[in-house]
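Sequence order for the protein chains is A and B. If you want this note's numbering, it's the 1-based position in the first sequence plus 41. If you want this note's numbering, it's the 1-based position in the second sequence plus 939. The beta-carbon is built from N, C-alpha and C at its ideal position, and this holds for glycine as well.
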Amino acid sequence: MDNNQEKEVLLKVEHLQQYFKMGKYENKAVDDVSFEVYKGEVFGLVGESGCGKTTTGRSIIRLYDITGGSVYYKGERICAGTRKYEDAIKAAYDAHFAKEITKEELDKILEINFTKIAAAKADHKKWSRHNGKNNLTNEIQMIFQDPIASLDPRMTVRDIIAEGLIIRGIKDKEFIDQQVYKMLETVGLVQEHASRYPHEFSGGQRQRIGIARAVIMNPELIIADEPISALDVSIQAQVINLLHDLSEKMGLTILFIAHDLAVVKYFSDRIAVMYFGKIVELATSDELFAHPLHPYTRSLLSAIPLPDPITEKNRKRIVYNPILDHDYSKEGPSMREVSPGHFVYCNTEEFERYTKEIQESEQ
Amino acid sequence: MDKKLEVKNLQISFRTQGGIVKAVRDISFDLYKGETLAIVGESGSGKSVTSKAIMGILAGNSIVEGGEILYDGQDLLKISEEDYHKIRGDKIAMIFQDPMSSLNPIMRVGQQLTEAMILKAKSGKKNARRAFNSMLTRLGRSINEADAEHGIDTRQLVAKQLKTFDSFCVTATNIEREFNEALGNLTQLENEADEAVLMLERDKKLDLAVTLKRIYRLYKGATNPYGLVANEEYTTSLASLSALASQGKNASREESLLVLRKISQLTKDALQKEKPNFFTMGYYLSVHPEADLTKMPIGEMNSMTREFLDKEFMLRFIETAKRGVYYSRKVSIQRKRAALKPVQEALKYFRTTKELDKKKAYAYVKKLTPMVNGAIDRLSVKKESVEYVFHSAFEGGVEAYFTGAVRNPIEERKYLSNKRRYEAAIAAGKKLDWTLKPQVVVDLELKRANICKTLENLCNCYERNIKDFKKFDSEAHVVEIIDYLKEQASCFVVKMNKKIAKAKAIKLMEEVGIPEPNRRFNQYPFEYSGGMRQRIVIAIALSANPDILICDEPTTALDVTIQAQILELINVIKRERNLSVIFITHNLGVVANMADRIAVMYAGKIVELGTAEEVFYEPAHPYTWALLSSMPDLHTSEKLESIPGTPPNMIYPPKGDAFAARNKYALEIDFELEPPMFDITDTHAAATWLLHPNAPKVEMPALIKTRIERLKKERQ
Chain A
42 MDNNQEKEVL LKVEHLQQYF KMGKYENKAV DDVSFEVYKG EVFGLVGESG
92 CGKTTTGRSI IRLYDITGGS VYYKGERICA GTRKYEDAIK AAYDAHFAKE
142 ITKEELDKIL EINFTKIAAA KADHKKWSRH NGKNNLTNEI QMIFQDPIAS
192 LDPRMTVRDI IAEGLIIRGI KDKEFIDQQV YKMLETVGLV QEHASRYPHE
242 FSGGQRQRIG IARAVIMNPE LIIADEPISA LDVSIQAQVI NLLHDLSEKM
292 GLTILFIAHD LAVVKYFSDR IAVMYFGKIV ELATSDELFA HPLHPYTRSL
342 LSAIPLPDPI TEKNRKRIVY NPILDHDYSK EGPSMREVSP GHFVYCNTEE
392 FERYTKEIQE SEQ
Chain B
940 MDKKLEVKNL QISFRTQGGI VKAVRDISFD LYKGETLAIV GESGSGKSVT
990 SKAIMGILAG NSIVEGGEIL YDGQDLLKIS EEDYHKIRGD KIAMIFQDPM
1040 SSLNPIMRVG QQLTEAMILK AKSGKKNARR AFNSMLTRLG RSINEADAEH
1090 GIDTRQLVAK QLKTFDSFCV TATNIEREFN EALGNLTQLE NEADEAVLML
1140 ERDKKLDLAV TLKRIYRLYK GATNPYGLVA NEEYTTSLAS LSALASQGKN
1190 ASREESLLVL RKISQLTKDA LQKEKPNFFT MGYYLSVHPE ADLTKMPIGE
1240 MNSMTREFLD KEFMLRFIET AKRGVYYSRK VSIQRKRAAL KPVQEALKYF
1290 RTTKELDKKK AYAYVKKLTP MVNGAIDRLS VKKESVEYVF HSAFEGGVEA
1340 YFTGAVRNPI EERKYLSNKR RYEAAIAAGK KLDWTLKPQV VVDLELKRAN
1390 ICKTLENLCN CYERNIKDFK KFDSEAHVVE IIDYLKEQAS CFVVKMNKKI
1440 AKAKAIKLME EVGIPEPNRR FNQYPFEYSG GMRQRIVIAI ALSANPDILI
1490 CDEPTTALDV TIQAQILELI NVIKRERNLS VIFITHNLGV VANMADRIAV
1540 MYAGKIVELG TAEEVFYEPA HPYTWALLSS MPDLHTSEKL ESIPGTPPNM
1590 IYPPKGDAFA ARNKYALEID FELEPPMFDI TDTHAAATWL LHPNAPKVEM
1640 PALIKTRIER LKKERQ
């Protein structure tokens, strides 16, 4: 889409890698993920449990130190990993020992990569949590999945919500109280709730407290990590409506992580589907649901339960099996743009097939 | 349809620090055979409490205030813990929300699957033998009495027939056990051979000599019952295997691969073959103990033994048993006729009298209880629930009524000791800062209602039985009894050993869709993914072959694709085993493809009950509307209609309709009076004043209406 270029890119994730060490092996939780989030939009991240969507969110807000790739926020690099450069250095040394490149060439490669690593480390340090000046949490906030586990049971609601302001360095108690009360009203609670403890609230109200805590910092970007998965259906609607209102009123940008596709479709402007640490399809939400191309997206869509007994009883679920559905023996897959704004993880042969499908369906 | 489970006027509360929480307030529903009943509601609406009450695993601070849960003629709320052991898990199984917390993390999955099977086989033996014997003696006695009525003395003949029946049942189960053991051996052999073939095919390192020797030993030890493997093939493959095994290290890989493949194929075929009919075979062998049936093809043998049994024994036995069954039913009906009038009188007395007289009520108890107990037809396999419950409900009710206290020994002891202390202190002339609390008093009206209900049910049951007596089919009854005896007999001899249990467990794991069950059998729960873990939990629940499966939010912890898989699995298993399922969830969307009927619960009450089509296409209660409209689907673009507020605090249940405060369609009367269930169709009912003829007409929200219409269009 052309107007995408006009939109301001708020968050840009480039080749993000997040590996976890598990004994001898490395678990590639997030493996080479790239996407952009525009200002003012809701970006949905969907996938089954264990596919790395939560890890992506947590890496962006720097709860983890990322392994490779970089994350840009408003054009500035806020996270940087060094794995790519380290690999390049290793390869260069190997090549040198195998006498494929000379000493001069090796030195050149080393110099380039070492400067890059130094730059990455400097950027990384600059935006560290412990660096008071450039604190990221002023601008990016997170809402967690489980409202019971994410609220400190020994703190009153006022303390929980005000904690961010205090850390920021505000000492005026009156101002803090005023802000807290205002925020409580914004999320649909009342002033009296401020002196209570989290266990006195129901699930939906607790999640509201979590949202208030995030929104009081006046952030631009909110990472909502499955904020409704632990809630009842009727309460889910309350929380979705609240997030919706907030994003419209305050012009928030939201990175919405969930596995319930119906909710994501309702809530998001653009959606990325993740599978085993990789984004397999990325499109606007209408486009994704109208023309799902990747077989995994199709299998996800076919699993959404509908409130309709007759169609449900005749439903055929599509099963996704990566070994059967793809033939990557000749050519490996990569991210390609099938139609404007619609990216699919595929190889050339699949790419041609998908383009054809899109053209046919448009006719 | 058969009713499997009846819940009637169930009321449960919890004692908490803040006060008494009314969790379930007077709910009633039936569960039929082979159907899925979905119970939908918010957390705290009492749906899990209901299911826990059925399983008998309510928390310690719970009080069952009234009602009954009838299963197989027993009131589950009144039976002892000992009796519950026979039902819990065995007849009614449960799947919980979080699979990780229902599995033991330090036990291998296979062990967890087989543990219960082995324990159960050990304990079930005695009970089965007892039930079998008592049924057989009762049958014999009633045949003798029937014949004595006609002036014939057939006692010896009948005793002989019964003895034959008993002995060949034992023979049959012995054969079955041997057969099962042989099958267990064959499965083990198949597993080993398969694994060896796989290793050889992938050209992996394999100690060929050792493997061949082990498989040879297994193969030699595996008996070949009833020619499951064709005998020539058995001997030839055994010979070639022994030749290979004797070569030791020098055996060629290609040749051994061929032989092993052959063996695995042979055993695989053998395991899928038809099973012999042990029951008929048992009789044949008990008459001709020297006969060798192993050479015959199984189909032929089955029909031959069946004919033999029918001709020589069964037809005559059925003729004799028919007399006994008819006689027993006749006597029972006579007694019922006699008992009907006193029961009606008692009902009238308990219903109309305002102040119950102690002596009179006791007289009724003394008179009625033996009458009703005596009128039970002890030869019927299907138990009529009221008759069996009568004793505890009626007698217990009257007793509790007049002693004026809950007959709880601990409470009583506490009360007595307190009383003693109090009186001693008063006698010593002390001034106390506490007073003696009165003993917990029974809710009189509730007890009276319960007694009336029991008597009324009994009346109806008797009238129905007397009316049905004309159509009484004694032959069908005899067949039922024989089936029952067969079932019991198969329990008391078949021994479960580890091998059979493993074979069974692996079959179960295959049934619930776990790939490579042989390898997975020896893994720990943490090595499984969430969906696979839930499958294991389902397999464990199925291992005892239950009648009723209660699923308490089995998919809430799983994501969409896995959820769909698990739902499909439960559906398939339900169809194959003809299970009755109670499916508990808070998400209406999930149950659309599962449920036959749906009960929507709110604040401890069922507010709407109907078939799935009715609840989804013509919802009537505002709460159901709210649930449906708060759920976005792929076409929703307008603002969601959430339910404002939170569920009420059930320590202080609100006056009138509990949902009124959150309901935008609430009428004035909703705040005053609780709505009764209004019937919309035969199967569909809802508790809302909107259905009252005088109520203003209110349409369901536009969001749901357009959705239903759109879905209708899409279907066409």
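- [ ] Spatial neighbours of CYS1398/B within its chain, please: CB distance less than 8 Å, with the 5 preceding and 5 following residues excluded, ordered by chain position.
- [x] LEU1279, VAL1282, GLN1283 and LEU1286
- [ ] Note down, in chain order, every chain A residue with its Cβ under 8 Å from the Cβ of GLU1552/B.
- [x] Scanning chain A for C-beta atoms nearer than 8 Å to the C-beta of GLU1552/B yields PRO350 and ILE351, reported in chain order.
Task: Beta carbon proximity, SER1569/B to chain A, threshold 9 Å - done: yes
Task: THR1110/B, DSSP secondary structure in three states - done: helix
Task: Integer-rounded CB distance, given that MET183/A should sit under 8 Å from ASP106/A - done: Not a contact, Cβ separation roughly 16 Å.
Open item on the list: Give me the subset of the region 328 to 361 of chain A whose CB atoms are less than 7 Å from a CB atom of chain B, sorted by chain position.
Closed with: PHE330, SER340, LEU341, ALA344, ILE345, PRO346, LEU347, PRO348, ASP349, PRO350, ILE351, THR352, GLU353, LYS354, ARG356 and ARG358
TODO: Could you tell me which residues DSSP pairs with ILE298/A in its beta bridges?
DONE: In the DSSP output, where bridge partners are listed per residue, ILE298/A has LEU86/A and ASP266/A.
TODO: Please work out which residues of its chain come closer than 7 Å, Cβ to Cβ, to LYS80/A, disregarding the five sequence neighbours upstream and downstream, and give them in chain order.
DONE: LYS48, GLU49, LEU51 and THR294
Open item on the list: Going by beta-carbon coordinates alone, are LEU329/A and VAL314/A separated by less than 9 Å?
Closed with: Contact flag set, yes.
Task: Per DSSP, cross-strand counterpart(s) of THR1627/B - done: THR1627/B pairs with nothing; no bridge assigned.
- [ ] Taking the CB atoms as reference points, tell me whether ALA977/B and THR1524/B lie closer together than 9 Å.
- [x] yes
Open item on the list: Taking the straight line between their C-alpha atoms, what separation do you get for GLU1007/B and GLY1543/B?
Closed with: Rounded to whole angstroms, GLU1007/B to GLY1543/B spans 16 Å at the Cα level.
TODO: Would you mind giving the Cβ-Cβ distance between LEU1548/B and ALA1538/B, rounded to the nearest angstrom? I have them listed as a contact below 8 Å.
DONE: That belief holds up - the Cβ atoms of LEU1548/B and ALA1538/B are roughly 5 Å apart, short of 8 Å.
- [ ] List the whole-angstrom C-beta distance separating GLY405/A from ILE276/A, where the pair is believed to meet the contact cut-off of C-beta under 8 Å.
- [x] An answer regarding residue 405/A cannot be provided, because it is not within the stretch 42 to 404 covered by chain A.
- [ ] In angstroms with no decimal places, state the Cα-to-Cα distance between ASP1029/B and LEU192/A.
- [x] 42 Å
TODO: Indicate the three-state DSSP secondary structure (helix, strand or coil) for ASN68/A in the structure shown.
DONE: strand
Open item on the list: I'd like to know whether the C-beta atoms of GLU204/A and GLU261/A end up nearer to each other than 9 Å.
Closed with: no
- [ ] Flag this pair as touching only if the region 301 to 312 of chain A and the region 350 to 369 of chain A have three or more C-beta atom pairs under 8 Å; answer yes or no.
- [x] no
- [ ] Alpha carbon to alpha carbon, how far is TYR1023/B from TYR1010/B? Give it in angstroms, no decimals.
- [x] 11 Å
TODO: Assign HIS56/A to one of three DSSP states: helix, strand, or coil.
DONE: If DSSP states are grouped into helix, strand and coil, HIS56/A belongs with the strands.
Task: Where the beta strand (DSSP E) through VAL1003/B begins and ends - done: Counting along the chain, the beta strand (DSSP E) containing VAL1003/B begins and ends at 1001 to 1010.
TODO: Output the distance between the C-alpha atoms of ASP128/A and PRO374/A, rounded to the nearest integer angstrom.
DONE: 21 Å
Task: ILE1487/B (DSSP reduced to helix, strand or coil) - done: strand
Task: DSSP beta-bridge partners of ASP1014/B - done: In the DSSP assignment, ASP1014/B forms a beta bridge with LEU1009/B.
TODO: Report the neighbours of ASP1014/B on chain A: residues whose CB is nearer than 8 Å to its CB, in chain order.
DONE: Per Cβ cutoff of 8 Å: no residues; ASP1014/B is ~33 Å from chain A at best.
- [ ] Check ARG1245/B in the structure and name its three-state DSSP category.
- [x] helix
Task: DSSP three-state assignment for ASP1618/B, whether helix, strand or coil - done: strand
TODO: Compare the C-beta of ASP1572/B with all C-beta atoms of chain A and state if any pair is closer than 9 Å.
DONE: yes
- [ ] Rounded to whole angstroms, what's the CA-CA distance from ALA1344/B to ILE1045/B? Just pull it up for me.
- [x] Reliability of the predicted coordinates at ALA1344/B is poor, the pLDDT of 48 falling under 50, and the value obtained from them is presented with this limitation in mind. One C-alpha to the other measures close to 46 Å.
Task: Residues that ALA303/A contacts on chain B, provided the C-beta gap is smaller than 7 Å - done: PRO1571, ASP1572 and LEU1573
Task: Exposure label - THR1219/B; buried when at least 16 CB within 10 Å - done: Burial is judged here by how many other beta carbons sit within 10 angstroms of a residue's own beta carbon; THR1219/B has at least 16 and is buried.
Open item on the list: For a quick check, are the C-beta atoms of ASN1532/B and LYS354/A less than 9 Å apart?
Closed with: yes
Task: In DSSP terms, what VAL968/B is bridged to - done: Here residue 968/B turns out to be Phe, not Val, going by the sequence shown. According to DSSP, which records beta bridges pairwise, PHE968/B is partnered with VAL946/B.
Open item on the list: Here's the rule: buried if 16 or more other CB atoms are within 10 angstroms of the residue's CB, otherwise exposed. What is ILE1659/B?
Closed with: Missing from the structure shown is residue 1659/B; chain B here goes from 940 to 1655 and no further.
Task: Within chain B, partners of VAL321/A - CB distance below 9 Å - done: In chain order: nothing, as chain B lies at least about 14 Å away.
Task: Interface flag, GLU89/A vs chain B, CB-CB below 9 Å - done: yes
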